[in-house]
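Residue numbers (our numbering): -3 to 309.
Heads up, the beta-carbon is just placed ideally off N, CA and C, and yes, glycines get one too.
If you want it as structure tokens, here you go:
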């Protein structure tokens, strides 16, 4: 079996059938589907149980976990495929996605993680991810850790949860998604970063593999606050064990941008916020860190002028 498709489900009754139908519409059909159901309060389980395809396996957990991270880890544990592909229950794949990812894995047999493009869609608008827009005519290619971090400084990524594939033989797979009381969002981004810091590269396919619905119900990205834990000094040290000096400096810069984005997002959504100034990385990124530090001590009315409106942090 080539692919194990892992789909965590929690209160996604209106969307899960769309996701599963997109899986069973794939041109490449050497796969199993592992659906992990947390205890939903809507009709999610009923919708899943309507599917009788022999390739689907359903597992039930007794307690919901933030971001579906524990559910994905269980799905990985139960997987039998050579590669594990992820799909969120409120997204869908385009029919050629697995076919293209299979071809990518054959072109770059040493890659342990695969990515592709995606389209963000809502009732009002749609847009292609920034990395795909920057490489409209590029052939499939490898992306190194340094390239990933450099692109990430400017909000560009070659991977998203619903197009991500990881090789089951990676030693990181047993605990790919972090389980920690302070992590309720960002665990998927951290998983891809952890894979890159360890394996040093990934492969990217120039195709749009998934539709990411930004107006779906019960989205973690719309409700859960960030604590900044994933960008903490302890986490940095765990990722930097095998990194070169230039890679460590890039990772610190990457963390500063991630901290800034999450801090700003907490303010916009009126969430309890973390102490940004205490978490900044200064070495090799002094001017950027200084600007962020000054921003945190500005009065609230001044922050509004620069788009940092919201509840006092």
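- Per DSSP, reduced to three states, the secondary structure at residue 112 is strand.
- If you draw a straight line from the Cα of residue 52 to the Cα of residue 46, it comes to about 11 Å.
- Considering only 22, 11, 66, the residue with the shortest C-alpha distance to residue 32 is 66.
- The way I'd put it, the stretch 129 to 139 doesn't touch the stretch 178 to 189; fewer than three beta-carbon pairs between them come closer than 8 Å.
- A residue is called buried when at least 16 other Cβ atoms come within 10 angstroms of its Cβ; residue 86 meets this threshold and is buried.
- Looking at the backbone, the Cα of residue 36 and that of residue 5 are separated by about 8 Å.
- Per DSSP, residue 82 lies in no alpha helix (DSSP H); the unbroken beta strand (DSSP E) holding it starts and ends at 79 to 82.
- Assigned with DSSP and collapsed to three states, residue 199 falls in strand.
- Note that the stretch 206 to 217 does not touch the stretch 167 to 176; fewer than 3 beta-carbon pairs, one per stretch, sit closer than 8 Å.
- In this structure, residue 163 lies away from residue 89, with their beta-carbon atoms at least 7 Å apart.
- Your pair residue 206 and residue 294 does not check out as a contact, with CB atoms roughly 39 Å apart and the cut at 8 Å.
- Distance from the CA atom of residue 92 to the CA atom of residue 82, rounded to whole angstroms, is 15 Å.
- For residue 88, the three-state secondary structure derived from DSSP is strand.
- In this structure, residue 289 places its C-beta atom within 7 Å of the C-beta atom of residue 273.
- Taking every protein chain shown into account, the CB of residue 157 has 16 or more other CB atoms within 10 angstroms, so this residue is buried.
- Secondary structure at residue 28: strand, using DSSP grouped into helix, strand and coil.
- Across the structure, residue 73 and residue 99 are spaced so that their CA atoms are roughly 25 Å apart.
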